[in-house]
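A.B. asks: Numbering (the numbering used here), first residue to last: 1 to 303.
Cβ coordinates follow ideal geometry from the N, Cα and C atoms, glycine included.
The structure follows.
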Ligand SMILES: Nc1ncnc2c1ncn2[C@@H]1O[C@H](COP(=O)(O)OP(=O)(O)O)[C@@H](O)[C@H]1O
Ligand SMILES: [Mg+2]
């Protein structure tokens, strides 16, 4: 793997609070790398240090081998940073916004190409104040791509978007990777991290508690699947079924945690065949990053 970004032993304190606590990771060229964690985990602070916007108390960030602290200008021409939408001028159009920001860069992609690419062609000359949340977010991505960067930083690119706009944003981010760029994003949506990221670091209280591909994290930390069922009639002593380690109830469903879903399912079907119970519904759910986070921190990572 070609290393695009290398972060070593990074630490940042705000007074007595250790917001980023000795974290180390590498991002490969051309991948989507995620930093997943709840609010306050230290994601934005980490990103801002990587972008050269904030000074760490200790540690080092190399972008394409270049030290962010000692060569900020060289780094800036290689990275794209998503502008928080608070920074928009409401009365300018997307086209004017891109042209304005292009003047800050030595080199930039044509505004009309970027707007087309991000599905903003029709809104090109409309005032920014008339854009929807999703459109504003896409404009902020256009700004991040303006200087044709090899590495793009996105801080919670889908927070606050409705499911449809979120899905559209995922496709845009995958398109950025297809163009050969490296994407580093933060999120507190585990579904997003699981669907989008090639690899990710799970962050909690300033520390990285695990990092790998979503699949490998699930394999290593959340081996238990769940069998979810609703009884039509009969009585089920689920805790005694083979494989079952724990039984929960939620929203009228019985949730069986099992280290051996096949064995558990067999037993459930046998009971049905024998006429002991009937099921209104019965399904197996694979473990998710949510389970990984729960296993690692003892807490849920909820929206
Ligand atoms: N400028 C600041 N001054 C003091 N504390 C801060 C500042 N910025 C962030 N923090 C604190 O640092 C911790 C990490 O914040 P942040 O990096 O924004 O996390 P995240 O992006 O994961 O929500 C939080 O407890 C936050 O309140
Ligand atoms: Mg943040």
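1) Apart from the five residues just before and just after residue 107, which ones in its own chain have a Cβ nearer than 7 Å to its Cβ?
2) Whole angstroms is fine: what's the gap from residue 140's alpha carbon to residue 11's?
3) What's the C-alpha gap between residue 278 and residue 228?
4) Run the proximity test for residue 21: is its beta-carbon closer than 8 Å to any non-hydrogen atom belonging to ligand 2?
5) Using C-beta distances below 7 Å, list every residue in its chain close to residue 245, excluding the 5 sequence neighbours before and after it, in chain order.
6) Check this for me: beta carbons of residue 109 and residue 154, under 9 Å apart or not?
7) Under the criterion of a Cβ to heavy atom distance below 8 Å, does residue 45 qualify as lining ligand 1?
8) DSSP three-state label for residue 25, please.
9) Go through its chain and collect everything with a Cβ distance to residue 280's Cβ below 6 Å, but skip five positions before and after it.
10) Since I believe residue 143 is in contact with residue 170 (beta carbons under 8 Å), could you give me their beta-carbon distance rounded to a whole number of angstroms?
11) Of the residues 288, 21, 2, which one's Cα is nearest the Cα of residue 209?
12) Within this structure, are the beta carbons of residue 296 and residue 198 separated by less than 9 Å?
13) Pull the bridge partners of residue 253 from the DSSP assignment, please.
14) Output the distance between the C-alpha atoms of residue 299 and residue 41, rounded to the nearest integer angstrom.
15) Determine, using beta carbons only, whether residue 127 and residue 91 come nearer to each other than 9 Å.
16) Going straight from the alpha carbon of residue 303 to that of residue 26, what length do you get?
17) First and last residue of the alpha helix (DSSP H) that includes residue 76?
18) I'd like to confirm something about residue 147: is its beta-carbon nearer than 8 Å to some heavy atom of ligand 2, or not?
19) Mapping the DSSP letters down to three states, classify residue 201 as helix, strand or coil.
20) What do you reckon, are the CB atoms on residue 275 and residue 181 nearer than 9 Å?
21) So is residue 1 buried or exposed if we call it buried at 16+ other beta carbons inside 10 Å?
22) Measuring straight from C-alpha to C-alpha, what distance separates residue 58 and residue 69?
23) With 16 other CB atoms within 10 Å as the buried threshold, where does residue 156 fall?
24) Out of curiosity, what's the CA-to-CA distance linking residue 115 and residue 236?
25) Go to residue 111, then tell me how far its alpha helix (DSSP H) extends in each direction, as first and last residue.
26) Is it buried or exposed, residue 250, if we count other Cβ atoms within 10 angstroms and call 16 or more buried?
27) Considering only DSSP beta bridges, list what residue 151 is partnered with.
28) What separation, rounded to the nearest whole angstrom, lies between the Cα atoms of residue 112 and residue 98?
29) Among 133, 137, 95, 75, which residue has its Cα nearest to the Cα of residue 123?
30) Give me the residue from 119, 38, 137 with the minimum Cα distance to residue 81.
C.D. replies: Reading from the atomic positions:
1) As a position in the chain shown, residue 107 is number 107, starting the count at 1. Counting only Cβ-Cβ distances below 7 Å, and skipping sequence neighbours, we find 147, 148.
2) Within the chain shown, the letter at position 140 stands for residue 140. Within the chain shown, the letter at position 11 stands for residue 11. Within the model, the alpha-carbon separation for residue 140 versus residue 11 is close to 28 Å.
3) Mapped onto the chain shown, residue 278 falls at position 278. Mapped onto the chain shown, residue 228 falls at position 228. Approximately 14 Å between the Cα atoms of the pair.
4) The residue labelled residue 21 in the question sits at position 21 within the chain shown. For residue 21, the Cβ stays outside the 8 Å cut-off from all heavy atoms of ligand 2.
5) Walking along the chain shown from the start, residue 245 turns up at place 245. Here the set comprises 224, 257, 258, 259.
6) As a first step, residue 109 must be located in the chain shown, where it is residue number 109. As a first step, residue 154 must be located in the chain shown, where it is residue number 154. With respect to the 9 Å criterion, residue 109 and residue 154 are not classified as neighbours on the basis of their beta carbons.
7) The sequence position of residue 45 within the chain shown is 45, counting from 1. Residue 45: yes, Cβ under 8 Å from ligand 1.
8) Along the chain shown, one-based indexing puts residue 25 at 25. DSSP places residue 25 in strand when its eight states are reduced to three.
9) Taking the chain shown and counting its residues from 1, the one referred to as residue 280 is at position 280. Counting only Cβ-Cβ distances below 6 Å, and skipping sequence neighbours, we find 230, 232.
10) Sequence index remark: in the chain shown, residue 170 carries index 170 (1-based). Sequence index remark: in the chain shown, residue 143 carries index 143 (1-based). About 19 Å; that fails the 8 Å criterion.
11) The residue given as residue 209 occupies position 209 in the chain shown. That would be 21, whose Cα lies nearest to the Cα of residue 209.
12) Numbered from 1 along the chain shown, position 296 holds the residue referred to as residue 296. Numbered from 1 along the chain shown, position 198 holds the residue referred to as residue 198. No; because the gap between Cβ atoms is not below 9 Å, this pair is not in contact.
13) Reading the chain shown from its first residue, position 253 is the one you call residue 253. Paired residues: 250.
14) Position 299 of the chain shown, counting from 1, holds the residue named residue 299. Position 41 of the chain shown, counting from 1, holds the residue named residue 41. Taking the straight line joining both Cα atoms gives about 13 Å.
15) The residue labelled residue 127 in the question sits at position 127 within the chain shown. The residue labelled residue 91 in the question sits at position 91 within the chain shown. Taking 9 Å as the cut-off, the Cβ atoms of residue 127 and residue 91 count as close.
16) As a working mapping, residue 303 is identified with position 303 in the chain shown. As a working mapping, residue 26 is identified with position 26 in the chain shown. With a pLDDT of only 48 at residue 303, under the threshold of 50, the placement of this residue in the model should not be trusted; the figure read from the coordinates follows. Roughly 27 Å separates the two Cα atoms.
17) On the chain shown, residue 76 is found 76 positions in, with the first residue counted as 1. Boundaries of the alpha helix (DSSP H) harbouring residue 76: 72 to 76, taken from the DSSP string.
18) Stepping through the chain shown from its first residue, residue 147 is reached at position 147. Answer for residue 147: no, Cβ out of range of ligand 2.
19) For the purposes of this step, residue 201 is identified with residue 201 of the chain shown, where counting begins at 1. Three-state DSSP puts residue 201 in a strand.
20) To locate residue 275, count along the chain shown from 1; it is residue 275. To locate residue 181, count along the chain shown from 1; it is residue 181. 9 Å or more divides the Cβ of residue 275 from the Cβ of residue 181.
21) Residue numbering aside, residue 1 sits at position 1 when the chain shown is read from its first letter. Here residue 1 is exposed, its C-beta having fewer than 16 other C-beta atoms within 10 Å.
22) The count along the chain shown starts at 1 and reaches residue 58 at position 58. The count along the chain shown starts at 1 and reaches residue 69 at position 69. When the Cα atoms are used, residue 58 and residue 69 turn out to be separated by approximately 11 Å.
23) Walking along the chain shown from the start, residue 156 turns up at place 156. Residue 156 should be labelled buried.
24) Counted from its first residue, the chain shown places residue 115 at position 115. Counted from its first residue, the chain shown places residue 236 at position 236. Answer to the nearest angstrom: the Cα atoms are 58 Å apart.
25) As a first step, residue 111 is located in the chain shown; it is residue number 111 there, counting from the start. Taken as a continuous stretch (DSSP letters only), the alpha helix (DSSP H) holding residue 111 covers 111 to 117.
26) Along the chain shown, read from residue 1 onward, the residue named residue 250 stands at position 250. Residue 250 comes out exposed.
27) For this step, residue 151 is matched to residue 151 along the chain shown. Residue 151 is bridged to 79, 182.
28) Locating residue 112 in the chain shown gives position 112, counting from the first residue. Locating residue 98 in the chain shown gives position 98, counting from the first residue. The straight-line gap from Cα to Cα measures roughly 9 Å.
29) For the purposes of this step, residue 123 is taken as the residue at position 123 of the chain shown. When each option's Cα is compared against that of residue 123, the closest is 95.
30) Residue numbering aside, residue 81 sits at position 81 when the chain shown is read from its first letter. When each option's Cα is compared against that of residue 81, the closest is 137.
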